[in-house]
Structure formats: structure tokens, C-alpha cells
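Input: a single structure, listed below in C-alpha cells.
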Amino acid sequence: MAPFSNWSIGKSAIKSGIPYLRSPFNSVRKFMEYNFSEIEKKWQKAWKDNQTYRVTDGGSKPKYYVLDMFPYPSGAGLHVGHPLGYIASDIFSRYKRLKGFNVLHPMGFDAFGLPAEQYAIQTGRHPADTTKENIARYREQLDKIGFSFDWSREVRTCEPEYYRWTQWVFLQLFKSWYNCKTQKAESLDTLIAVFEKEGFKGEAHQVLTGDIEHDLAPFTAEEWKNFSEKEKSDVLMNFRLAYLGEAWVNWCPGLGTVLANDEVKDGVSERGGYPVERKRMPQWSLRITAYADRLLNDLNGIDWSDSIKEAQRNWIGRSEGTSIFFRLENHDAAVEVFTTRPDTVFGVSFVTLAPEHELVAKITTAEYKAAVDAYVNTAKNKSERERQADVKNVSGQFTGAYVIHPFTAKKVPVWIGEYVLAGYGTGAVMAVPAHDSRDFAFASHFGLEKPQVIQPPAAWNFEKESFDEKEGVCINSDFLDGLEVKAAIRKAIEEIEKRGLGKGKINFRLRDAAFGRQRYWGEPIPIYYKPAVSSSAVENTADLIPVPLDESELPLILPEVDKFLPTETGEPPLARARGWAYRPHPLPLSEGGGSDAFTFGEGYTPRFFTTSPEKWKLLKEWARAHRKAATPAEDLLWQELRGKKTGFQIRRQHAIDVFIVDFVCLSRKLVIEVDGGYHNDPGQQEYDAQRTLVLNELGFKVMRFTNEQVLQRTSETVNEIANTLRTTVLPEGEERGGVAYPYETTTMPGWAGSSWYFLRYMDPHNENEFVSREKADYWQNVDLYLGGAEHATGHLLYVRFWTKFLYDIGKIGVQEPAKKLINQGMIQGMSEKIKIKQSIFSGTTTTSDAHPVASSKSFLMPQEMEGLNSTTVTLPIDSKQVFVSAEIEDSKDELMTFFNYVPIQLSKNSKLEIDKYLEWNHKERNNDISSAVFLIKNFYWFKGNWYDYSMNVISNTSNLAFLTKSEVEKMSKSKLNVETPDDICDQYGADTLRMYEMFLGPIDQAKPWNTNGITGVHGFLRRFWRLFHDDKNGFAVNEEAATKAELKVLHKTIKKIGEDVERFSFNTGVSSFMIACNELTELKCRKRSILEPLVIALSPFAPHIAEELWEKLGHTGSVNFAQFPVYDEQYLTEDSFEYPVQVNGKLRFKYSVALGLNPQQIEKEVMGSEEVQKWLDGKTPKKVIVVPNKIVNIVV
RNA sequence: GCCCGAAUGGCGGAAUCGGUAGACGCGCUGGUCUCAAACACCAGUGAGCUCACCCUCGUGCCGGUUCGACUCCGGCUUCGGGUACCA
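Add 34 to the 1-based position in the first sequence for the numbering used here, that's all there is to it.
What follows is the structure, encoded as C-alpha cells:
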């Protein structure tokens, strides 16, 4: 072997995690170093084996609940942005444990959602399968980072054990109404009691919400009692907290589905480019508006960032104002508007309706019908966001109709304009152009009048812009003249109410939450529809009554479908599920026809369940006895099947007809038998066959397994059962012996499961309740919630709403889900895009024998493309597509330019690896672009060679590079810019990853990901390791007494780390460790009394290395159970302070003064110094400012 | 458009309550060690200038308050997030 063969060095050593080996001739440096990969594996296993992070409910320690926002397990796996928050929360959890708290720090998955469904549509793979795989991947990635999650509490929203309770919450919402008097949700029974006693007088009007408000007609108690079931149902729908109403949606007939605003671009669907229209559709909604006031007020009591609270306040958008009715000319109707500025009512010069407003069709005059229809159609095709954002292009249309001004009796024209949204307020505004900028723009555009009714405090040019401020004095306003705006508002409301023109009202911007989705991959809504009249053939859906499932029938399992798409008639995917309908439980057949003896054979008539009470009782006893005497195989299988582990409720030793079967799934009609050895007996076999036959006749499928099969191949057996359950197609309707009612076919939105999950973690395995009151009372709510600010008005509002509701119905004791909220900034990715030019070939082609490619064609260079130094380029004739390097600008030619994302791995530093890009297109996109041209300045690449613009092959290509355009964006699979934490873990270890992500900057700040500084953090951990080891990597910690300097470093660091963690300043925490490490290295300190406390302090940040060093220090238990060190002020005190001395606010010199002096003494000391004289230059100071222990400033 | 944030050296960032701008790390430059490279260690590193001093300038832009402003106020610019069916 060569003498130098064991030199293994450099970055490759870091990458592989192999310990460093030094030159054999340099024994001083030859030592094994910090071997992170071994250490991390060792401790991750130890934590798992010892269940180090398992949390118990209760105990003497104070509780602390740390929660991360539910991750959605996307197909791209965990990216480096995800762990940012998890690392921070993990550090905090570990810190709190060291501080003596009982910390709940769980993790689970928000597993229903659109991406899995989209993937399913594309590939046909079941979302349940892909979701499962994604979760497994996430879990593996999370495990590598060394989190202290209690995985025994994991929840997944897509599992029946979980969504059973999501459905349960929905049922509670369905059965409740919001009592405005008591300000809380109550059971509908209390409302019905009122109706029965006094009917409805209209006073509960506030809870009647919807997109456009409407009033429910009053009725008497007598009328209520005589209402049909259907009528009662309709009335109650106006009060239920979960109700079936109508809402505006983006309907895409081409895709047969509803789209998010996100998915609509320029009036067509982003996917496929089909036209989209606004449509009013029946829609399940949650009455979050009932809680608007409480959601707003309770913000004051929680420790969330001001920005999030402000965002929620604005989102709820409480505004006080009034409704005013404008009577229509020549119509028996009125336009109701809502305004916060009734003081400006005399300034109304027109009224604008939303294009969708129901009156539009009624009032438009014949003359304007065509124009109005055209306008409505255009506006319909825009998303709400586009309509609001497009402020520059004012658009609108006169309807030909007029309203009568309620005070002046003047004719006021009625317009429609897309800036008015149907979903907000009444869908109509009274326009006051002089005092509202949107109205001003509209009036200016259409040349409408702008009467001024407020005199601003200062001069104002009303020609140029409106005066929107709520100040000034009313003019030209009859009875309001001379009043200040605020007084005028009060007076106007008073007058409006007095004259019966409208009423003072509080309006919220907040709308009820649409709760139904035309999607497959979500929780089924536990509702079925019963005909209003007892008739089998229901023609009209209006005759159906929505009926909730009984709680005992939950979960309503998501059915199987053949495709994850809407039906041809535009119904949601669930409508595809065969036989998916509610069937009331069959009643026992009437007595008679059966035999008393439990024998069967010819002439035996099976029935669904056995009939006589005596027999039933006997069978139950038998079943109970069977359960007690279960075989090991049966027991084992029961453990695997119980609790709906397969997704379906399984019963064991259950009586069916006269048999007691081992296991049965009633909903899927599947019987599972586990046979002992005696089943080999021929007589027994005949009996079994007969029994199977009867069960089949009853509609049950029968699966048989032997004991051996179950015991030896358990998972296969379970899989087989699960698959059979999932694929079983049930007989429909009458075949099953009962009526079938259609289920609701929309599913719940992605946020349903995440609106209450923090409660499930408290009691994740409870089969009887969503959470026991006892555990809910112990854990209460989340003490620290960590997640992205992008959830400010979505999830964070919904979870507050559900929490308040569950509080109202007495199930939990807290009104807010999270006491404190920290927002983690998004880690952005750097995406790379490639520029594509289209339609730029000229028609001319030439042929040339001199070139490697026989024919060629010219490529016309648009003038706008600067930087090519040529206006035409000759390209090979078979080139199909032209990619253009990013350095070539073509600002004016945007129409012919397109960008495609490039996987970032293929374009490091924006330099595209062309061969790999072609290969990737071929493999991943099934797109053959092998004859594409890649154009750069002066050259292009084609089929493996570089050419100049005259098609000469270039031999020296080392400086030629095709550039992609990089952009800082959200990390996402679709942008092909995902960076995973795995690579970092492999190269540097989890501890380095953890500390590096924290070191990147403040937790709440968004930043693009880069790994530039990671070696510094890794280097710190190595130096920290080296504090404990000698040159030969021998453990070298000694028991010597610490010096004053060493103690100062220690206590300073403990203090700083404690403060930094408490205020979530993890980046500065990491630097404090670095500083301490540098200083102790300088001091050559290897003393236990210094290093041991530091190991504890470091353990929340870098738990693996801390555990290893803790063990090496001689401890047997985990460092997790240690106590966080306490700093002692006495080691930190100094005897003097070096004052920065400023002259006229500019730092001039520093001067050391003893501590404990008063400001006068300090001033005297400083003024006596030589330097001061130099800077005073003979002048007398005007003033001397002394801030003790801070600064001295001399003003000359 | 509207709502919520952010902007500090070549880069990530620090300055916690209006009091020394640039901690810590990366990168870069020079040095020690080495045949050499790498690793490690040491030193320097905001810009300008007549270059270890001194001075001037300097926290996105314009203005203000203050003895003193990255920090507070008014007005902008650019970037990021949300905008109700992405999660």
C-alpha cells in the first residue's frame, strides 16, 4: 500500500460524513473528529427505543403545548422551508422541558386536499395511496432532523378515525343556531321552542346571512305548527350554523366544476382554458358571520403579532352604517344599499348595482337590454379579484332605469358596474362621486354629476379628486347642513329610520364560509336527502329535505369512484360512487316462517337479522362467549381490524341471521372467518359451505382464512381484507332490502380537518369523543403556535371560529385555540425559467452541402431582441423550437415569448445543462425537444454542438453557457425549485441543518434559501466538539476549578441564550454559542464546570451532539431530562463602563468611568478628560447629556 | 386595486426601550503549517481619501421631530405574502 493512501481529506470527507483523516506525517492533526452521521443515527434510535418524547397527560409539572401548523404532505416531499418552523418549535419545546414543563409537541398531517386529487386525475392513482406514500416520505425526512415529536399522537385528517369527528363537528354546527341575545351557539331545540310558543317575529334577523341578505318572513306559532316538514326544514336552514344556502361561485362548465379565483385567468380556466362564469349555486356554508363580533373582540386577548390581528380585523371588516331603500321608478321594488356615509346621501348622483344583482334583469329597459346583457356577460367571466384589482379600466353600463331619491325625490339613474361585488353588503351602492374615489372615477368616466355635499377643512380641488375623509361640514344637504360629518351620520341614520327608509346596521366584510367542494378527496358531508313528500320518484331537488346522519352512524366513509372527475352532467365526483346512498337500518323481519331450531337446509329462508327476541338474546350471549374465548389468531386479527383501522367499522363475533360470524363489516357486507384446524373435517366443510351459501344469499361476501395464514402472514391478510372492503360494490336499492336516499355529494374543504386538530392531539385515540373534557381541560389550548403568516385570514380565522363554537356547546373550556402565535417567514426558492420564442421562422429555406446539417432556414430576429448582434440567424432546417438565453433582452416582443420552469438541479447558477434538460423533457414530460435550438449571444447549441450564426461548428466551447432566468418564488413542486433537507442532513448532519436554518435570520422573515453559510455552522459544531477532546480525539474534560474569565463566558452565554430563546431570536442564539465557543477555545478551557452547563443549553438546538457529549460526561439519562442552567449575575458584573462620548451627536472617543457614579459625577469625570478639551476647542458646552451605562453626549 | 409585511457591507444578518451601525457566519485578501494542495489556525475586510492615524460619507428614496434616528412621524419606490375553492 502506498504510504499516502490513507489521506482522506477535503470537502468529500465532509460530504460523506466520514471522520477526518490527517496526513500520517502530521500526528498532531491526526484525529478522528465529530462523526455526526454515527452520532445522529445512534441517538435517533435511542430516542425511539426509549420513547423519550412520549408525553403523559397530567402530573405535577405545569403543562405547555407547542404546536406547528399542520403540514400538507405534498408529493414533492418536505422542502427546506418546512423545517424552519418545526426546528424553532422543537428548540422551544426542548427548552421548555429543560425548564421543567410537561410539553405536548405533536405532529400529524392535513392529508385531504386538492394536489393529491389533481395528481389522481392525471395518473388514476388513488389519492389515499399517494397520500400514504407522501406521508411516509415526510415522516422519514422529519425523523432525520431529530425532532422531539410525540409520534404516538399522530393524526391524519383523511383517516376515518379522524374525520369521523370532523363530521361530528359538522353535525353539531348543523344542529345549532346562534342566539344573538345570549351571544352564543345553542341547540336548535331552543329556537324551535320559541317558534312553537311565539312564532317568528323577525327579531333574530341578524343571524340571517347569505351573499345577498334577505329577510325571512315572520310567522306565528300556529303557522309554525302547521308547516310541513319541508317548510320547517327551510325555515331552520336560515338559522343553522351549517346550512345549505346559495352562493356565487366560479362555475366552469367545460370542466364541470367550481374553480378558485386562483384557477381563473382572464375569464377562462387556467387548466384547459375553458370559459368560466359566475353562477349562483346551492352551497353548504358555515355561518362564521354570527361570530364576527366575538372573533373581532377576542383578538385583544391573545398574544399574536399585530400584523396578523390587523389582517383579521380588516378581513372581518366591521363597519357601522345604514341601509337605505331607493324606490324604483315605474316598479314595485326598491334597491337596498348599504352605506357607511349616510351623511353624504344628498350627494348621490347615481346608484350602482353589481352585474349579478337580481334586479338587473327586471329593471333594465328594452332600449338598454342588449348592452346590459353584454356587459353582464363580460363581467360574469371575471373573477372577483380581477374585478377589484382592475381599477384603471372603469367599466359600467346604464340600465335605463331610475330610482327616486328618498329625500329630494329627484330621479337618480341606475347603473351596473363590476366594481360593485354581489357578495358584499347588499350588492348595490349609492354613488357619491364627490366623496368616494371609486364613485369619482366612475362618474368621471361616464360624465355623471358630482355634487359636493361636504366642505373640507382646507381648500380642495373637486375637479381633480374626491374628498373621502370623514371630516368637514355638510353643505347642500337640507337638514344636515352645518353639521360635522360624525354628527351628520348620526342625524342621517335617525332621520332614515324615522321616515322608514332603512335602518342603522352593522355590516361585516366577512362572508359566510363556503363549506362544500365539488371534489373527491375530502370529508363527505354527513347529510342525506329525503323526499319532502313520500313518493319514490322525486323530480325536483327543491322537494328534498337534507337530513343529518345520526352520530352513531359516523364516520360516513368516503366511497370509491371509477374516476376522480365530475360526472358528465356536472355533478361532483362522489356522484360516481355506485350504490352510495343512505339506507336506514333494516328492521327485524316479523316473526313467522322461521324455524325454532338453528338448523338450515332445504327450505330455510334466510333473513337479514334474526327475528325473535329470544333467539336474538341467545345469539348475543353466544357472541359474548365467543369473544371471551377468542383464539390467538382471532385476537391478532381483531387488533388489526378494530377501530376502523381498515377505514371501515368491523364487528367481531357478531350475529347474522342464525350465525355468529368471526368478523363482519356491515356497511360493506363482508364476513371474515378465521378457521381452526377442525375446519379440515369433511363434515365441517360441508357445514361451512352451506353457511357461506346462506350468507351470500343475504348479500354478504365471505372471506376465509386459516389460523396459520392470519398468524404468519398478518399484514398480507389485513391488506387483502382492506382491499376487498374498498373494492366491494354494494347492491343497490331494493336489493338490500330497503329504501335508499342520496347522500350529499360535495365534500368538505381543505380547512375542515385543520379547524379543530389541536384538540385531537390531546386525546388522539379516543373512540367515544372527539376529545375528552378531562384532557381538554388539562391541555386547554396551544401555548405556542408556529406557522406561516399566509394563514392569517384563512385557517387562523376558521380555527378560532370552531373553537368558540365548541366552547359554546360546552365541549371544551377555552375560547381561543392559541395563546401565542409566531409566524415563520417563508423560505423562498430560487426558481429557474427558460425563455421560449415562438413563430419567428421566416419562410425561406436554403440548402448547403458545406454544413454538417444539410438544410437550413433563416431565423428572423425581431428588432427588439437586443444583444444578438445580428438580425438573422441561420438555423438547421429540422430545428423545431428556439430557446433563448436569459441575457438576450426582448422587452417589446413579449407576445412571442414564453417561460417554462426548469428543474433547479439542471441549472446551477442559472447555467443550463442542456443535455440533461433534453433528457428530462423526454423522461419526465414525454416531450421530445431533441431538435430544439438554444440561442445565446453570437452562438447557438443544436444537437450536441455549438455553432455560430453562420452554422460553423465551434470547437472551444468552454466559455459558452446558456442562461436561465432565476427568480425568487415560493418553493413548490410545480415551480420545480424544491430543495430538500435530506441532502443537508447527509452532508453535514441534522444538528448542522437545525442550527443553520436558525442562523439564517429572524424566524419571521421571508428569505430565499441558500447554503452559503452552512460551513460556518458546521465548523462551529466541530469546534464545540473539539472543546471536549484533545488532539487525538480523546475525551479530555477535566475537573479543574474555573477561572473568573471562564465563568463570565459561561454565565453571559446562559443569560443570552435564555433571553434569545424566550423572544424567539434563534439566530442570535446561535451566534452566542459561536462566541462562547470561540472565547473558550481561546481560553483553552476544558473544564467540566463550564462545559457541562453549555451542553444542556445547546441541547435544544443540536440535540444529537449534546446527547453524545452528555453521555461522555458520564450521565446515563438523556440530556432532555436535565435542567436548564441558571446564570448568576455576580459573574457578569463589571467595575467600570467605557462610555462612548459624542460631541454634537457624533462619536468622538471612548472614556472609561467607574460604575456606580451618578450622572453629575460621570459628567465631571468625562469633562475632566484631555480628549474633551481637544474637541471643545475652547468653547463651553451648552449642554451635557449623560445616560448612565449608555452614552455621554456633549452639545457645543 | 385593497389588506399585511420587508428593505442595513460582496452575501445571510446583528444592534432587545431613541444612545458606540455592521455582532456572528459566509465570501474575499494576506500569513502560519506543507514538496504541494486541502484541512486547521492567525490577521485584515462598509465606502472614499494623501490608506494602521485623521477626516468625510454611509442602514431603499425625499422630507421632518430630537442633544442624538436603522429605530419615531409624513410622503414615495421596489420586493414578498394574502385577497375568501392551493394548503
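Glycine residues also receive a C-beta, built at the ideal position from the N, C-alpha and C atoms.
Between the CA atoms of K498 and A468 - distance to the nearest angstrom: Their Cα atoms are separated by approximately 10 Å.
Closest residue to L727 among V705, T748, Q746 (Cα-Cα distance): It is V705 whose Cα lies nearest to the Cα of L727.
Neighbour-count burial assignment, T224, 16 or more Cβ in a 10 Å radius: With fewer than 16 Cβ atoms within 10 Å of its Cβ, T224 is classed as exposed.
DSSP state of Y22 mapped onto helix, strand, coil: Nothing in the structure corresponds to residue 22, since the chain is present only between 35 and 1230.
As assigned by DSSP and simplified to three states, the class of V705: When DSSP states are grouped into helix, strand and coil, V705 belongs to the strand group.
Unbroken stretches of the beta strand (DSSP E), 3 residues or longer, contained in the stretch 125-185: Taking only runs of at least 3 residues, the beta strand (DSSP E) segments lying wholly in the stretch 125-185 are 136-138.
Buried/exposed call for K130, threshold 16 Cβ in 10 Å: Per the 10 Å Cβ criterion, buried.
Beta-carbon proximity check, L946 vs F973, cutoff 7 Å: Inclusion of L946 and F973 in the CB contact set at 7 Å is not warranted, their separation being larger than that value.
Minimum C-alpha distance to L1166 - residue among L855, L112, F380, T1087: Closest by alpha carbon: T1087.
Anticipated Cβ contact below 8 Å, G710 with N741, distance rounded: About 6 Å separates the Cβ atoms of G710 and N741, confirming a contact at the 8 Å cut-off.
Beta-carbon separation (whole angstroms), G1260 vs T386, contact threshold 8 Å: Since the displayed the chain opens at 35 and closes at 1230, residue 1260 lies outside it and no answer follows.
CA nearest to the CA of D1064, picked from Y453, G787, K1118: Taking D1064 as reference, the option from Y453, G787, K1118 with the minimal CA-CA separation is K1118.
Which listed residue (M315, I870, Q746, A294) has its alpha carbon closest to that of R305: Here the closest residue by C-alpha is A294.
Closest residue to V371 among H365, Q217, F996, F359 (Cα-Cα distance): The shortest Cα separation from V371 among H365, Q217, F996, F359 belongs to F359.
CB contact flag (Q206, I843, <7 Å): Against a cut-off of 7 Å, the Cβ pair of I843 and Q206 comes out as a contact.
Three-state secondary structure assigned by DSSP to N1223: N1223 falls in the coil class under three-state DSSP.
Span separating the alpha-carbon of V1051 from that of Q1039: Straight-line Cα distance between these residues: approximately 20 Å.
Nonlocal neighbours in the same chain, by C-beta distance under 7 Å from E1113, ignoring five residues either side: Only V1083 meet the Cβ criterion.
Nearest residue (CA-CA) to Y409, options V379, P376, E452, F384: Among V379, P376, E452, F384, the Cα nearest to that of Y409 is on E452.
Simplified DSSP state of W494, which is helix, strand or coil: DSSP places W494 in coil when its eight states are reduced to three.
Of the listed residues Y935, Y981, L289, nearest to G604 (C-alpha basis): Distance check between G604 and each of Y935, Y981, L289 places L289 closest, using alpha-carbon atoms only.
Through-space distance from N213 to P485, alpha-carbon basis: Here the C-alpha atom of P485 lies approximately 43 Å from the C-alpha atom of N213.
Cut-off 8 Å between Cβ atoms - residues of its own chain near L1132, not counting five sequence neighbours on either side: Here the set comprises F1058, F1107, I1139, A1140.
Residue interval of the beta strand (DSSP E) (run including E370): DSSP places E370 inside the beta strand (DSSP E), whose first and last residues are 368-373.
For S586 and Y777, the rounded distance between their alpha carbons: Going by the C-alpha atoms only, they are around 17 Å apart.
Selection from M1032, S267, E866 that minimises the alpha carbon distance to S1008: Among M1032, S267, E866, the Cα nearest to that of S1008 belongs to E866.
Per DSSP, the bridge partner or partners of S865: Answer is E1001, bridged to S865.
K957 versus S1006: straight-line alpha-carbon distance, rounded: When rounded, the distance between both Cα atoms is 20 Å.
Nearest-angstrom Cβ-Cβ length linking A145 and I169, presumed shorter than 8 Å: About 7 Å; that satisfies the 8 Å criterion.
Sufficient close CB pairs (3 or more, under 8 Å) joining the stretch 1013-1025 to the stretch 1087-1101: Result no; under three Cβ-Cβ pairs closer than 8 Å.
Entirely enclosed beta strand (DSSP E) segments - the stretch 415-456, minimum 3 residues: Fully enclosed beta strand (DSSP E) runs of no fewer than 3 residues occupy 430-438, 445-451 of the stretch 415-456, in order along the chain.
Coarse secondary structure for V698, derived from DSSP in three states: Looking at V698 - three-state DSSP - the assignment turns out to be strand.
Limits of the unbroken alpha helix (DSSP H) element including H1138: That run of the alpha helix (DSSP H) goes 1137-1146.
Pair within 7 Å by beta-carbon distance, P117 and P1015: Yes, Cβ-Cβ distance for P117 and P1015 is below 7 Å.
Classification of N1044 by the beta-carbon crowding that lies within 10 angstroms, buried from 16 upward: Counting Cβ neighbours within 10 Å, N1044 comes out exposed, since fewer than 16 surround it.
Selected residue, minimal CA-CA separation from S989, among F996, W980, Y1030: For S989, the closest of F996, W980, Y1030 by C-alpha to C-alpha distance is W980.
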